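In our numbering, the protein residues as written are 5 to 423.
All residues carry an ideal CB built from backbone N, CA and C; glycine is no exception.
The model shown is predicted, which means the values in this text are computed figures rather than measured ones.
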Amino acid sequence: MQIEGGAGAAVGKAVKDVGGATSATIETGALSRGVALLFAVACGLAVANVYYAQPLLDTMADEFGMSRATVGLVISVTQVGYGLGLLLLVPLGDLLNRRRLIVGQSLLSVLALLIVAVAPTSALLLAGMVAVGLLAVVTQTLVAYAATLAHPCQRGSAVGTVTSGIIIGILLARTISGTLSDLFGWRSVYLASAGATLAVATVLARLLPRQDVHGASMSYPELIGSVFTLFVEEPVLRIRAVLALLIFATMTVLWTPMVLPLSAPPFSLSHTQVGLFGLAGAMGAVGATSAGRLADRGKAQWATGLALSIMLVSWLPAALLYHSLWGLIVCVIAMDFALQSVHVANQSLILRTRPEARSRLTAGYMIFYSIGSATGSVVSTLVFAQAGWIGVCALGGAISAIALLFWFFTRHLTPELAR
Numbered sequence: 005m006q007i008e009g010g011a012g013a014a015v016g017k018a019v020k021d022v023g024g025a026t027s028a029t030i031e032t033g034a035l036s037r038g039v040a041l042l043f044a045v046a047c048g049l050a051v052a053n054v055y056y057a058q059p060l061l062d063t064m065a066d067e068f069g070m071s072r073a074t075v076g077l078v079i080s081v082t083q084v085g086y087g088l089g090l091l092l093l094v095p096l097g098d099l100l101n102r103r104r105l106i107v108g109q110s111l112l113s114v115l116a117l118l119i120v121a122v123a124p125t126s127a128l129l130l131a132g133m134v135a136v137g138l139l140a141v142v143t144q145t146l147v148a149y150a151a152t153l154a155h156p157c158q159r160g161s162a163v164g165t166v167t168s169g170i171i172i173g174i175l176l177a178r179t180i181s182g183t184l185s186d187l188f189g190w191r192s193v194y195l196a197s198a199g200a201t202l203a204v205a206t207v208l209a210r211l212l213p214r215q216d217v218h219g220a221s222m223s224y225p226e227l228i229g230s231v232f233t234l235f236v237e238e239p240v241l242r243i244r245a246v247l248a249l250l251i252f253a254t255m256t257v258l259w260t261p262m263v264l265p266l267s268a269p270p271f272s273l274s275h276t277q278v279g280l281f282g283l284a285g286a287m288g289a290v291g292a293t294s295a296g297r298l299a300d301r302g303k304a305q306w307a308t309g310l311a312l313s314i315m316l317v318s319w320l321p322a323a324l325l326y327h328s329l330w331g332l333i334v335c336v337i338a339m340d341f342a343l344q345s346v347h348v349a350n351q352s353l354i355l356r357t358r359p360e361a362r363s364r365l366t367a368g369y370m371i372f373y374s375i376g377s378a379t380g381s382v383v384s385t386l387v388f389a390q391a392g393w394i395g396v397c398a399l400g401g402a403i404s405a406i407a408l409l410f411w412f413f414t415r416h417l418t419p420e421l422a423r
C-alpha cells in the first residue's frame, strides 16, 4: 500500500537522523532535530486516522444507507472518542511511563482500525470510529513530551515542528484516503493505516526512553480532577481553550460538508480529486512553524490576531464555489494557515504555565478542540441540507467573527509570559 511505503520512508529518515542516540539521551537531552522528526511522523500518522473519513462520507452513506444529513455522525463520533481520550488518557502522561503509554495506544489503534475496515454494519462502523478517535490522542501525549524535552527558548519552535507533522498527516489523510478509495475501495484506507500504525509503533518502542520518571504523585481520579482544577487556576488555559473550540469548529464547518457539493453536479469530482484539496492546505505547516518562532519571540498575541483575521476573510472566496473552484482553494490555503498559527500560539502560551502538568494542560485545551470539531461536523451537514453551501459559508463566517471578537476583548487577560 502507498501509505505504508510513505510512512516507512519517513520513519526511516527519522531513525537515521536520531542515529545512535540512546534512550537516556532522548529522555534527558534537548529535543534534537531527529527526535523532533520522529515525533512529527508519529503524530502525523496518528492524527490521520481521525480524518480519513472526510472524503469518504458519500460512499459510506451509500453503503450503510445513511442520509446525507446524518452521515456527519461518522466524523462526530470520532471527535467524541477523541474528546474522551483527551480527558481519560492524555493526563496519564503526567503520571505513567510515557513509552508504555504511547506504544500501547498505538498498538490498540491498530485493532480499532481493523474493526472499522471490516465493519459489516453502520453501528459497528460508528463504534470502531469512536475507538479510533479515543486512541488517536497519542498525538497530544507526544506534543506534551516534545515540549518537556525542548530547551525553554526553543519550546515554541519544537511545538511548531511537531504540529507541522500533524498538519501534514491531516493533509495526506484526505489525499491518500481519496486515492485508495478510488483504487481499492474505502475499506482499504483503514487496512493500510493499520499497517502504517503498526510500523511506527515498532519504531517508537525501540527509540523512546525505557525509564520515564514523573513528579506527579496522585491517584487516577485525582489526576483527572486536576484537569478541571487547572481551568479554575489558569486564565490562559480557559481563554485559549475557548479559542480552540471556535477555530476548530470553523475548520470542520468547512471540511465536513465540502465533499457533498464537490462530488455532485456540476463538479462531480472523484474521491481522489476531492482529496487533493487537502494538499492546498500545506501552508498550514508554514503557519505552525512561523507561529512557533513568533511565540518564542514573545509575539503569540500578534500572531493570533492576524491569523483570526485571515480566517474570517477566507470565507469570502469560499462562497464563490459555484463560480470557481479557485475560491475554495484560496479558502483552504488561508484557513489552514490561520488555524495552525492560532493553534501553535495557543499551545506555546499554555505549556509555559505549569511544566509539571503539561499533559493535563494539553488534555484540557484539546477537549475544547474536540468539542468544537464535533459540533462543527454535525451542524455543518445539517446547515448544508437546509441552506446549501452559502449557508455553510455564512455559518463559518459567523463563528470566525466570534473568535476574532473573543480574542480582541480577552487579549489583555493573557499577556505574553516572560521567559
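Original post:
For I172, which of T82, F43, F232 has the nearest alpha-carbon?
Top reply: Locating residue 172 in the sequence shown gives position 168, counting from the first residue. Comparing Cα positions, the closest option is F43.
Original post:
Mind checking P261: buried by the 16 CB within 10 Å criterion, or exposed?
Top reply: In the sequence shown, the residue the question calls residue 261 occupies position 257. The residue is buried, with at least 16 neighbouring Cβ atoms inside 10 Å.
Original post:
Along the chain, which unbroken stretches of the alpha helix (DSSP H) at least 4 residues long are found entirely within the region 230-260?
Top reply: none
**OP:** Answer with yes or no whether the minimum CB distance from I171 to chain C is below 8 Å.
**Re:** No chain C appears in this structure, which consists of one protein chain only.
Original post:
When you compare only the Cα positions, how much space is there between T26 and S113?
Top reply: Numbered from its first residue, the sequence shown carries residue 26 at position 22. Numbered from its first residue, the sequence shown carries residue 113 at position 109. Its pLDDT being 38, under 50, T26 is placed unreliably in this model, and the value from its coordinates should be taken loosely. Taking the straight line joining both Cα atoms gives about 27 Å.
Subject >> CB contact flag (R242, F235, <8 Å) >> reply: Translated into the one-based positions of the sequence shown, residue 242 becomes position 238. Translated into the one-based positions of the sequence shown, residue 235 becomes position 231. Yes, these two residues count as a Cβ contact at 8 Å.
Subject >> Delimiting residues of the alpha helix (DSSP H) encompassing D62 >> reply: Within the sequence shown, numbered from 1, the residue matching residue 62 stands at position 58. Element bounds for D62: 61-68.
Original post:
Closest to A378 by CA distance: which of H416, A248, Q351 is it?
Top reply: In the sequence shown, the residue the question calls residue 378 occupies position 374. Measuring from the Cα of A378, the nearest candidate turns out to be A248.
Original post:
Apart from the five residues just before and just after S374, which ones in its own chain have a Cβ nearer than 7 Å to its Cβ?
Top reply: In the sequence shown, the residue the question calls residue 374 occupies position 370. If you ignore the 5 residues before and after S374, its C-beta comes within less than 7 Å of the C-beta of Q83, Y86, G87, L90, all in its own chain and listed in chain order.
**OP:** Quick one: measure Cβ to Cβ for L355 and V163, integer angstroms, because I've assumed they're closer than 8 Å.
**Re:** Within the sequence shown, residue 355 is the residue found at index 351, counting from 1. Within the sequence shown, residue 163 is the residue found at index 159, counting from 1. With 8 Å as the limit, L355 and V163 qualify as a contact, their Cβ atoms being about 7 Å apart.
Original post:
If Y56 and Y194 are in contact, beta carbons under 8 Å, what's the gap, nearest whole angstrom?
Top reply: As a working mapping, residue 56 is identified with position 52 in the sequence shown. As a working mapping, residue 194 is identified with position 190 in the sequence shown. 7 Å between Cβ atoms; contact.
**OP:** With a threshold of 16 other CB atoms inside 10 Å of the CB of D300, please say whether the residue is buried or exposed.
**Re:** For this step, residue 300 is matched to residue 296 along the sequence shown. Buried, because 16 or more other Cβ atoms sit within 10 Å of the Cβ of D300.
Original post:
Exposed or buried, Q6, counting other C-beta atoms within 10 Å across all chains shown (16 or more means buried)?
Top reply: Residue numbering aside, residue 6 sits at position 2 when the sequence shown is read from its first letter. Here the model assigns Q6 a pLDDT of 38, short of 50, so the residue's position is not dependable, and the following value carries that caveat. With fewer than 16 Cβ atoms within 10 Å of its Cβ, Q6 is classed as exposed.
**OP:** Tell me where the alpha helix (DSSP H) around P321 begins and ends.
**Re:** Here residue 321 refers to the residue found at position 317 when the sequence shown is read from its first residue. From DSSP, the alpha helix (DSSP H) with P321 extends over 319-322.
Original post:
Would M315 pass as a contact of T254 if the rule is Cβ separation under 8 Å?
Top reply: Reading the sequence shown from its first residue, position 311 is the one you call residue 315. Reading the sequence shown from its first residue, position 250 is the one you call residue 254. Contact flag set, yes.
**OP:** Could you pull the start and end residues of the alpha helix (DSSP H) that T206 belongs to?
**Re:** One-based indexing of the sequence shown puts residue 206 at position 202. That run of the alpha helix (DSSP H) goes 191-211.
**OP:** Kindly indicate which three-state DSSP category A140 falls into: helix, strand or coil?
**Re:** Here residue 140 is taken as the residue at index 136 of the sequence shown, counted from 1. In the three-state reduction of the DSSP assignment, A140 falls in the coil class.
**OP:** Would you identify the three-state DSSP class for M222, choosing helix, strand or coil?
**Re:** In the sequence shown, the residue the question calls residue 222 occupies position 218. In the structure shown, M222 sits in coil (DSSP, three-state: anything other than H, G, I, E or B).
Subject >> Coarse secondary structure for L355, derived from DSSP in three states >> reply: On the sequence shown, position 351 is the one that residue 355 refers to. Here L355 sits in coil by DSSP.
Subject >> A140 beta carbon less than 8 Å from that of N53 >> reply: To locate residue 53, count along the sequence shown from 1; it is residue 49. To locate residue 140, count along the sequence shown from 1; it is residue 136. Cβ atoms of N53 and A140: closer than 8 Å.
Subject >> Under the three-state DSSP convention, the category Y326 falls into >> reply: Position 322 of the sequence shown, counted from the first residue, corresponds to residue 326. Coil.
Subject >> Other residues of its chain near S381: CB distance less than 7 Å, five sequence neighbours each side excluded >> reply: The sequence position of residue 381 within the sequence shown is 377, counting from 1. Excluding sequence neighbours, S381 sits near G76, I79, S80, Q83, T256, T260.
**OP:** Since I believe S197 is in contact with L117 (beta carbons under 8 Å), could you give me their beta-carbon distance rounded to a whole number of angstroms?
**Re:** Residue numbering aside, residue 117 sits at position 113 when the sequence shown is read from its first letter. Residue numbering aside, residue 197 sits at position 193 when the sequence shown is read from its first letter. Yes, they are in contact, since the Cβ atoms of L117 and S197 sit about 5 Å apart, within 8 Å.
Original post:
So the alpha helix (DSSP H) D186 belongs to, where does it begin and stop?
Top reply: Here residue 186 refers to the residue found at position 182 when the sequence shown is read from its first residue. Note, D186: alpha helix (DSSP H), 159-188.
**OP:** Take the Cβ of D340 as the centre, count every other Cβ of all protein chains shown within 10 Å, and call the residue buried at 16 or more, exposed below.
**Re:** Sequence index remark: in the sequence shown, residue 340 carries index 336 (1-based). By the 10 Å Cβ count, D340 comes out buried.
Subject >> Where the alpha helix (DSSP H) through T414 begins and ends >> reply: Within the sequence shown, the letter at position 410 stands for residue 414. Run containing T414: 362-414, per the alpha helix (DSSP H) assignment.
Original post:
What first and last residue would you give for the alpha helix (DSSP H) that runs through V75?
Top reply: Counted from its first residue, the sequence shown places residue 75 at position 71. Taken as a continuous stretch (DSSP letters only), V75 belongs to no alpha helix (DSSP H), as it is neither H nor E.
Original post:
Run through DSSP, which three-state label would A311 get?
Top reply: Here residue 311 is taken as the residue at index 307 of the sequence shown, counted from 1. A311 falls in the helix class under three-state DSSP.
Original post:
Counting only runs that start and end within the region 101-128, where is the alpha helix (DSSP H) found for 4 or more residues in a row?
Top reply: 102-122
Original post:
By how many angstroms is the C-alpha of V317 removed from the C-alpha of G337?
Top reply: The count along the sequence shown starts at 1 and reaches residue 337 at position 333. The count along the sequence shown starts at 1 and reaches residue 317 at position 313. According to the sequence shown, residue 337 is Ile rather than Gly. Those two C-alpha atoms are separated by around 12 Å.
Original post:
Any idea what DSSP makes of P95, helix, strand or coil?
Top reply: Within the sequence shown, residue 95 is the residue found at index 91, counting from 1. If DSSP states are grouped into helix, strand and coil, P95 belongs with the helices.
Original post:
Exposed or buried, which one is F372 when buried takes at least 16 other CB atoms within 10 Å?
Top reply: In the sequence shown, residue 372 corresponds to position 368, counting from 1. F372 comes out buried.
Original post:
Q390: buried (16+ other C-beta within 10 angstroms of its C-beta) or exposed?
Top reply: Start at 1 with the first residue of the sequence shown, and residue 390 comes out as number 386. Q390 should be labelled exposed.
**OP:** Measure the alpha-carbon distance for K17 versus V207 and round it to whole angstroms.
**Re:** Taking the first residue of the sequence shown as 1, we reach residue 17 at position 13. Taking the first residue of the sequence shown as 1, we reach residue 207 at position 203. Per-residue confidence for K17 stands at a pLDDT of 48, beneath the threshold of 50, marking its modelled position as unreliable; no derived number is given.
Subject >> Stretch-stretch touch, CB-based, cutoff 8 Å, three pairs: the region 317-327 with the region 385-402 >> reply: Touching, yes.
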